[in-house]
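Numbering (the numbering used here), first residue to last: 7 to 709.
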C-alpha cells in the first residue's frame, strides 16, 4: 500500500531523532547533542552522536548516519515503507488509503496484497501437509529426515509438501474464498484448455521469503526419479522477481550483519544445512546467475561476500561469473573451494558445524588467487598464464576503489613475478574501455538533460528579468559568463568559455592542480580544490532547497555556477547528478529527503551527507551563554558565503588550467611560432580571469 506524501511528511515531523534512537540506545546529553556507544559496531568510547536540531545521527567510528527513518531501517533491518509504518505506529499516525491515487493504482496495490495473502495461505497449507498428514510425513518427511533436517529447522524455514494430486491447493484455496485468478497470478495453479491444475505436485516445498519474512514464491524438488524437472520454481510475478531476491535472506540477515560476511551458495538445502550447523550468515542464488539486484540486496547488510560453491567444474565456473558482478558493486570477495564431490550441505553433514567453520575460515582465499587457480590448471603453460593475466587485469579494472585497485595490481605482479608497471598498463586499458563506454552513455544522458534544462530556462526567462542581480549581488550565471555545453563544437570537449576558452580534460585536472613540483604553494592547489569542493557540496546539501529573492533556489544557483567545473570526488559527481535530475523535474531536495528518498540504499553517500550535517564540536547553548560568545548564524550569511566559496573554487580551478597551460608553453619548443603565440595569448586571457576573480575576493595577484 502506497503511503501518501503528506503522511510521510507528518511521520518525518513527528519522529524526533532523540526519541527514536533513545528507544534502542542509552543516550547521554552533551551540549545540544547526545552521545552513546554505537549500536552498529562494538566500541568502548562513545562516538555515536545524535543531533536533534538537524534530526540526524552520525557514528564517527563506523560512519553510519542518517535520520530517524534511516536509523529504524538500519537497526531493525526494515525497508523504507516498513520503517515508515514502524514510526507511524510509534507516534499513532494513521496511514489511510491515498484518496488522490487513481483507481488503477489502488487496484494494483490491492492486487499485490492479495497475492501475498494467497501465498501465505499456500505456505501454511504445504507446511500442514508435511507435519500432519500421512502422505506428507511418509514422503516429504522421509526426504527431509534423509537430509538430516530436524523438526526445528523445518519450522524455521517453513518447509512443506505438495500432495501428488492435480488440484489439492486449488480445492483448499477456493474453499477458503481465494479466487482462481489470484492463484493463477501467483503461479500456484496453471490454466490449460479452460481447466486449472496445481503447478506443484508430489514435491517438497521451499518457501521463498522477502527481507521482511513474507512468502513471495516457492521452490520445489521432485521426489520421484522419473519426475521432471527435478527443480521447479514459481514463475516471476508482481511480488517475486528472482533477480532481486536471495533464498534465506530473511533468516540470515542478522547473522550477516553480525559476522560482517555473507556466504553465498547455490542451493536451498545448502543454506538450510549450514544454518542447522550454526553457520547462519548464508544465502543462495537459487541456481540463477548473480544479478546487480541481488548484490544490492546484500549491500544492505555487509560489504564482504565469500563464494562457497561445489568443487566441480560447473560450480567453479559459476563462482567466476559472480566475482566481477560483486566487485563492481564495491564489495570485497573471497572464495572457498570445497573438496571434489561435496556441496556445502553434504560437507557440513559429514564434518559437522565446528570443523566446517574452521575449514571455511582457513581455506578462504582472495578472488585473484582463486580465479587464477581455476583459469590455469597447468602452471607450466605460459599461454594459459598470459591469458589468465589478462582476465585478472580485467577483473581488477571493475573494482571502483582506486586504492584497492592499486593494492591488487601490486599483489598480482608480486606473486606472478612480473613487472608491476605491465600489470598497471594492462589494467588501465580495461579501465579506459569501461570509461569510454560510460562516457558514451553519460553523453547521451547529458545531451538529453541539457535540452530539457534549456527548455526550462527559456520558459523561466519569459517570466523573469534576466538583467537584474539576484539576492547574492551577482548577475545570473548566463550573464556572469558561464558557458553552456553545446552539442558538438568546443564546449562538447569541455571547452570553458568562462576560463578563457582553455580546454582541460577531467583526467588531467588533478595533475594540473598538483604539478610535479617541490613548491608547496603549487602542490597545495589540489588540497585547496578539494576543500572548496567539500564546502560547496555541503552548502548545496544543507541549503539547496531554500529560495532567495525572486524565487530562485540556492541549488539552481550553485549548480549553474559550478556546472563547468569537474569534480575530483566521484561521490560528489553522483550527488550533482541526483540534484540535476531532480532539477529537471522541478523537484527541490531537502537534506532529509536526500537521505530517505534518493540515497537510502547508498551507504557511502549517506556517510558523506550525514558527515556534512553533523558537527562533532558543536558549542552548547549553555556554554555560549556563560562565556558570552556571539556565534555567527551561517544561514543569515549565505548571501556572502556561497558566492565567496564558488569564487574560491573557480580561482583554484583556474590556477589548475594555468598550470596546464604553462606546462604546454614550456614544452612548445618544437611547435610553430603560431602555436606558441596562441598558447601565450591563452595564458594572458587566463591570467586576466584570475585577476578578475581575485579582485572579487580581495586577493592580491602578482603579475
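All C-beta atoms in this analysis are idealised placements derived from N, C-alpha and C, irrespective of residue type, glycine included.
Source: prediction; values computed, not measured.
Tell me which same chain residues have a C-beta within less than 7 Å of the C-beta of residue i, skipping the five on either side of it?
i	result
residue 65	44, 46, 53, 54 and 71
residue 419	425, 426 and 429
residue 62	23, 71, 72, 73, 616, 619 and 620
residue 422	395
residue 167	132, 135, 136, 142, 145, 146, 210 and 211
residue 719	Residue numbering for the chain in the displayed model covers 7 to 709; residue 719 lies beyond these limits and cannot be assessed.
residue 508	Low confidence applies to residue 508: its pLDDT is 40, below 50, so where it sits in the model is not reliable enough to give any reading.
Spatial neighbours of residue i within its chain, please: CB distance less than 6 Å, with the 5 preceding and 5 following residues excluded, ordered by chain position.
i	result
residue 83	259
residue 559	553 and 594
residue 541	651
residue 239	225
residue 335	301
Tell me, which residues are paired with residue i by DSSP?
i	result
residue 175	According to DSSP, which records beta bridges pairwise, residue 175 is partnered with nothing at all.
residue 239	225
residue 338	310
How long is the line joining the alpha carbons of residue i and residue j, rounded to whole angstroms?
i	j	result
residue 218	residue 411	36 Å
residue 432	residue 381	18 Å
residue 642	residue 690	38 Å
residue 58	residue 546	21 Å
residue 78	residue 594	25 Å
residue 182	residue 148	29 Å
residue 184	residue 117	12 Å
residue 376	residue 187	49 Å
residue 603	residue 682	52 Å
residue 436	residue 137	56 Å
residue 180	residue 241	21 Å
residue 122	residue 305	25 Å
residue 189	residue 237	20 Å
residue 402	residue 684	42 Å
residue 646	residue 612	28 Å
residue 193	residue 205	7 Å
residue 200	residue 176	14 Å
residue 400	residue 302	22 Å
residue 438	residue 60	42 Å
residue 561	residue 446	27 Å
residue 597	residue 550	8 Å
residue 649	residue 699	11 Å
residue 169	residue 398	49 Å
residue 338	residue 576	19 Å
DSSP three-state call for residue i: helix, strand or coil?
i	result
residue 135	helix
residue 215	strand
residue 328	helix
residue 124	helix
residue 202	strand
residue 312	strand
residue 686	helix
residue 36	strand
residue 68	coil
residue 16	helix
residue 44	coil
residue 209	strand
residue 372	strand
residue 273	coil
residue 251	coil
residue 620	coil
Which word fits residue i, buried or exposed, when buried means at least 16 other C-beta atoms lie within 10 angstroms of its C-beta?
i	result
residue 493	Its pLDDT being 29, under 50, residue 493 is placed unreliably in this model, and the value from its coordinates should be taken loosely. So residue 493 ends up on the exposed side.
residue 345	exposed
residue 174	buried
residue 156	exposed
residue 568	buried
residue 701	exposed
residue 372	exposed
residue 290	buried
residue 254	buried
residue 364	exposed
residue 21	buried
residue 279	buried
residue 245	buried
residue 362	buried
Short of 8 Å in beta carbon distance, which residues of its chain neighbour residue i, apart from the five on each side in sequence? Order them along the chain.
i	result
residue 26	74, 77, 78, 93 and 96
residue 307	83, 259, 262, 263 and 268
residue 203	172, 173, 176, 195 and 196
Less than 7 Å between the CB of residue i and some heavy atom of the ligand ATP, yes or no?
i	result
residue 376	No copy of the ligand ATP appears in this structure; indeed no ligand is present at all.
Does the beta carbon of residue i come closer than 8 Å to any beta carbon on chain C?
i	result
residue 171	Within the model displayed, chain C is absent; a lone protein chain is all it includes.
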